[in-house]
Each structure stands twice: as C-alpha cells, then as structure tokens.
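Chains as they are written, first to last, in this note's numbering: chain V, 119 to 310; chain E, 1119 to 1641.
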C-alpha cells in the first residue's frame, strides 16, 4: 500500500510544456469535489488513542494520590472538592478519548499536481487547500511519540502568517518525506 | 569646499563607505529617546515598584540615591555602548551591519532583496538634518535593518539607489519599460503628488476614527488614579457622583440626565485626544507616486516616509464608519504583507499606507490609479444567506435577551428591565445591518468583499495573490447547503460566511485555479 501511495506524486515531471493560455470553460477546471482523498496512517490513530488514555490516567492518578497522601491531611471539604475534580476530569478524559477516535478517522488529505488539500473536523469540517506555488518552506515535525511510531507531521509555511500554517498530521515518515521532496522539486515554488 | 567630508556627504562615494564605519554621535540622542520611550511604556511595572519602595528610599536616603544614580549611569553607559558597537558598511551593493553589545548580530542584506525602505525623522533630528533609515526584506526569512543616524540627503540617495536595483532586475513578462536604462541616483523622475491632507481633513479623521489607542496604550496604568481624581474633583465642587448614580431615591429623568452629561464629557475628551493623535500622525500628509512606487510622508514630530511598490500591494480596503458615511468621507488603506518582526506600539506606521478621510471622487481616482480595471463600486454583490440572521438573531440574541428579561422580572429590577428592550432593538438592528452589508463578488482579476454594520467596508484583492483557501462546513451549515469560505492573504484573512455550497465551491475552485495558472508572483 505504501508504494501505491507514493507512486502518485513521486514521478510527476513537469517537462518543458510550452506555455498555453487557452481560456477554459468552468466545467473543465479541476474541482475540489473530485479529489482522491486518503486518510491518515492507522498507527497514528492508535498512538493518539493511547496518548490520550495515558494523559488522562496520569492526571487522575496524580489527583488521587494528592487526595489520599498521608503527609498533609486534607479537610473533608477539600477532599470532596478534589473528588469532584477527579470525576470531572475522568469524564472529560473519556469524552476526549471518544472524540479522538471519531475525529481522527475524519482526517483526509489529497495531493494534486499544483496543490495539497487537507480536510479535518467532526462537527466543524474544514478543508484547507494550499497551492504549492505559494509555499515558502516545508518542515517535518516529529515529537517523541511520532518518532517512536515512525510518523511525521508535514508543515507547509506560506506568507499567510504563522497561524495559517498548513499541517497534515499522522503521515508515515516515508510518505511525508516523499511529499516534501515533491514540493521542493516543484518548479513554481515561491523563491521569495 | 572639496574636503573629504563634503565629498562623502554630497556625492555617494562608494569607496569611502565600503569600510566599516560608525554612525554619527547624533545617534546617541536617538538611543536615549528610545530608552525613555521604553521606560515610559513599561511604567506599569515601575510605578508599583516605586510606590512600594518609596518609604524604603526615604528611610535609607543615601542607599536609595546611590541605587538611582547607578541605574541612571547604567542606562547612559548601555546607550553609549549600543552606539559604539553599531557599525555598517556598503559594499558591492550589499549592506552589512554589525551590532550588539553582548550578543553580536551580523546582518547582510543585498540591495536586491530589500523590499521596503522607510525613513523616519524624529523631531530632535530635524535641526541636525539627520534621519533614520529602516530596511526590511519580506518572505520567509524576514530581516530588518535600522540605521538610526544618517545625513538626510545621503539617506535619500541611498534609498533611491536601493530601490533602483529592483527596477533594473524585474522579472520578464511584467516589465513594460526598457530594462537597459539604469536609474541614475542623481536624476530622479519627478514624483507625482497624488493626495494631500489638510488640517480640517485630519480633524474629521480624528473624529471618525478613534486613534485613541495611541494614547490609551500609554495611559492604561493611570485609569485607576484618573477615576479617583475625577471623583474627588466632583466632590470638591459639591457634586457627589456616586450618590447621584444610586438609583433608589432619584427620579429617573435626573439620572438619565447626569449619565448622559457624563458620557458626553467623556466622549468629548476621547474625541479631542483622537483628533490630537490624528494630527500627530498625519500632519502634512502627502501621498505621491514615483514609477511604480507609492510614497507616503507625514508626521508632526516624527516624520515618517513609507514606500510601497505596487506589486507588493496585497489588499485595498475602502472603509467607512457610520460617521464617515454621514460626513461622506472614506478611509483608504493599502495593505502589504502583514508579518511584523517587532511588535511596536505605533503599528500604524508599519507596512500599510492609510489615506485618511478622503472625498469620494479622490477615492475613485486613487483606486483607478492603483487597480485600473477594478469594479469595486460598480459590480453587483451577492448576499449571504438569511441563515446568518437565523443563527445570530434567532439562536443567540433573542434567547439571551429573553433570559435576561426573565431574570430581571424575577429579581425585581425594573430599571434594568427597561434597558433590555432598547438594547435588544439596537443589537437586532446591528445583526440585520451586518447581514445586509455582507456581500461578495468576483471578476476576472479581483475578488471583492463588502462588510460592515452601519458603516460599510469594501475589500478588494487580486485573486491570484491568495495564499491559502479554506472551505468550512458545520453540521448546521451542511443541512442548509451552506458553507463558509476564507481567503488567506499575506495581509490577513478575508472571510465570507453562509453562502450556498455550490457557489462557495466554485469560488474556491476558481481562486485556486487563478493562483496556480497565472504563475505570477504575489509580490
């Protein structure tokens, strides 16, 4: 499956096509509706699930330990308050875990010759399209979890500011690197 | 008159400047003024410290004095060191700057990469005829270089030379002048003055646009004291404001009268400050055009000069507040890339050119000069969906006001209850106007967006300059076949909410197609 994914964008060569500027009918133009989306790596789903569980478990156990430790006994009021906090955090953790599972399944990306699109979101679905000619530089971000699982997060920087950095999480490392190579090789990348 | 000194000053002598040199000692004045400015802007932290340590200082006078003297001498020494360790040179059409006392920085800027040249002349430089030159590049490796003391005419020559580099190195296809004519820095093509602003214009601008934030930034820590002083002042004159404003035993008309007088006084003071700030920023405003560059010069104490090449222009905003609409004035803003390296307080000077409070015919003339084929005012705008009204008015505003009304009835607060209804009507009018104003249109070259409440703002940008496109749909929007679109430009993001999803899709497809097929640089 990895080779099928990489074949799509590794070998697009843009040889010396003569410049043409025929006017096109709108129906002939490429449309976002016809994109071939592919999902994030399955191991990414598993890692985020585990990570969410881990975070919740750590927070809860810290709270429980601080509640029941023998060094500084708490008043019964504080004890109850912390019990409530534990309950709330437990519920939030559960919600976060469920949301992580469902939302991560809704993350897709698609690559065309001239742009990359990323679609995410469960209730508020957002599709971001980044034309490659407006990309200023490319980065691969890998945290410790990503490094362990062989994943990477692709970041494309444009002139739209740091808050609009185009990001695709949960890519297999080889895929991320070949996408990066494809962008770098792209002829019309902005050199400013 | 042919001494070596005058040679450097009157003629751009490249050999002399190829060596490292320090700025004129006049720069020390600039550093001192800067230090004082930083001190004043950080007064929030300093004043409490002073209050707390006041008693301590009074008791141990000698210790306190030595500390203060040490601090002042530290400031003076660091200012001098900053001046001493700043060196620059101009070599091979590059400018090198070495600076920094403890951590040294070396900046190398080739002239061809310099996007903006800004000249800034603070008031204390005027008698010596010096000025401050700021160069910056754009792009992902944004660099800034500021030389704080150069002779004014030398700075002008340098600026012309730097900007001339761009003209001779334009990309093919966009150049419609013979590229083999290097610009002689001595002979400059005459600048054409496009617009000037007079004092009445600036007064109008001050009234309509609250530039009060310039002052508010510096005054914020004093608000507490101010309110205290105001209360005391009124108390001295026999009027007890707090007593007046307690509601229980005064007739309503009296309370309203006092409240409106106070508000009016307050607004008057704010307006006066705003007018002062407007005059401060835009005194002797001129907007001129030289080749493909637009130059704006203004300023009462500190004179600013901002140059912008037409190709750098990302977005044009034609803005009118409700008061602007009444007075038939327009504020035009030309926006460039909006990534700022230093977040200074007076951000108005940064990268955009604002033409304040112009008349409609002046505005049309400027717009046609900048974007000749634009149809900002003539194209017909398509409206956003009425679901916007449903969501904001029906789902948010009305239930909120209903709950407030119930709360006030139950809590028995008749005065607040009477306030809810007019507030509700006013906010509903705002929502309706917001929906009514929001419109979008696009033609071959440009995308237009119209927004506003009672005033109206028009945004116009060349479609191919878009950096990124967002297409957003929530469950609610999907059910009604609607979507929201964002255009991310280098100058900021423009959004169109609640439009038909097919129209939104075709708009994004069309924008992406134009970005990718034109292959024109966005700057």
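Think of the CB as a built atom: it goes at the ideal place given N, C-alpha and C, for glycine as much as any other residue.
- Between the alpha carbons of residue 1268/E and residue 1140/E lies a distance of about 10 Å.
- A check of alpha carbon separations from residue 1477/E across 1447/E, 1505/E, 1496/E identifies 1447/E as the nearest.
- Just so you know, the alpha carbons of residue 1543/E and residue 259/V end up roughly 51 Å apart.
- Within chain E, the residues whose beta carbon sits less than 7 Å from that of residue 233/V are 1630, 1634, listed in sequence order.
- Residue burial annotation: residue 1596/E is exposed, with fewer than 16 other C-beta atoms found within 10 angstroms of its C-beta.
- Nearest C-alpha to residue 1312/E among 1174/E, 1276/E, 1481/E, 1183/E: 1481/E.
- One alpha carbon belongs to residue 1163/E, the other to residue 1169/E, and they sit about 11 Å apart.
- If the five residues before and after residue 1494/E are omitted, its C-beta is found closer than 7 Å to the C-beta atoms of 1436, 1485, 1566, 1576, 1578, all from its own chain and listed in chain order.
- By the neighbour-count criterion, in which 16 or more other beta carbons inside 10 Å mark a residue as buried, residue 1491/E falls on the exposed side.
- DSSP, reduced to helix, strand and coil, places residue 1252/E within a strand of the structure shown.
- In the DSSP assignment, residue 1480/E falls within the alpha helix (DSSP H) that extends over 1478-1488.
- Within a 10 Å sphere around the beta-carbon of residue 1570/E sit 16 or more other beta-carbons, which makes this residue buried.
- Neighbours of residue 252/V in chain E, taken as residues whose beta carbon is under 8 Å from its own, are 1584, 1585, 1586, 1633, 1640 in chain order.
- When 212/V, 224/V, 274/V are compared, the shortest CA-CA separation from residue 172/V is found for 212/V.
- Using a Cβ-Cβ cut-off of 7 Å, residue 1591/E is close to 243 of chain V, given in chain order.
- Under the 10 Å beta carbon count, residue 1432/E is surrounded by 16 or more other beta carbons and is classified as buried.
- A distance of 8 Å or more separates the beta carbons of residue 1608/E and residue 1556/E.
- 8 Å or more divides the Cβ of residue 1589/E from the Cβ of residue 272/V.
- Judged by their CB atoms, residue 1185/E and residue 1200/E are not nearer to each other than the 8 Å cut-off.
- With a threshold of 8 Å between beta carbons, residue 1314/E makes no contact with chain V.
- Annotated as proximal: residue 163/V and residue 222/V, with beta-carbon spacing under 8 Å.
- Contact annotation: in the segment 252-286 of chain V, residues whose CB is within less than 7 Å of a CB in chain E are 252, 254, 255, 275, 276, 277, 278, 279, 282, 284.
- Within chain V, the C-beta atoms nearer than 7 Å to that of residue 1606/E come from 278, 282, in chain order.
- By the CB criterion at 8 Å, residue 1604/E and residue 1580/E fall outside the cutoff.
- Per the DSSP secondary-structure output, residue 249/V pairs in a beta bridge with 233/V.
- Put simply, the CB of residue 246/V is near chain E, with a gap under 8 Å to one of its CB atoms.
- Look at residue 195/V: its C-beta is not under 8 Å from any C-beta on chain E.
- In the structure shown, residue 227/V adopts extended strand secondary structure according to DSSP, grouped into three states.
- In terms of Cβ geometry, residue 1443/E and residue 1574/E form a close pair [threshold 8 Å].
- Checking the DSSP bridge columns, you'll see residue 1587/E partnered with 247/V, 1605/E.
- Considering only beta carbons, no part of the segment 1141-1170 of chain E lies closer than 8 Å to chain V.
- Linking residue 170/V to residue 1148/E through their CA atoms gives a straight-line distance of about 54 Å.
- Put simply, the CB of residue 181/V is far from chain E, with every gap to its CB atoms at 8 Å or more.
- Using a Cβ distance threshold of 8 Å, residue 1488/E and residue 1469/E do not count as a contacting pair.
- Its chain contains no residue whose beta carbon lies nearer than 6 Å to that of residue 1529/E once the 5 sequence neighbours on both sides are disregarded.
- In the displayed model, residue 1493/E falls within coil according to three-state DSSP, outside both helix and strand.
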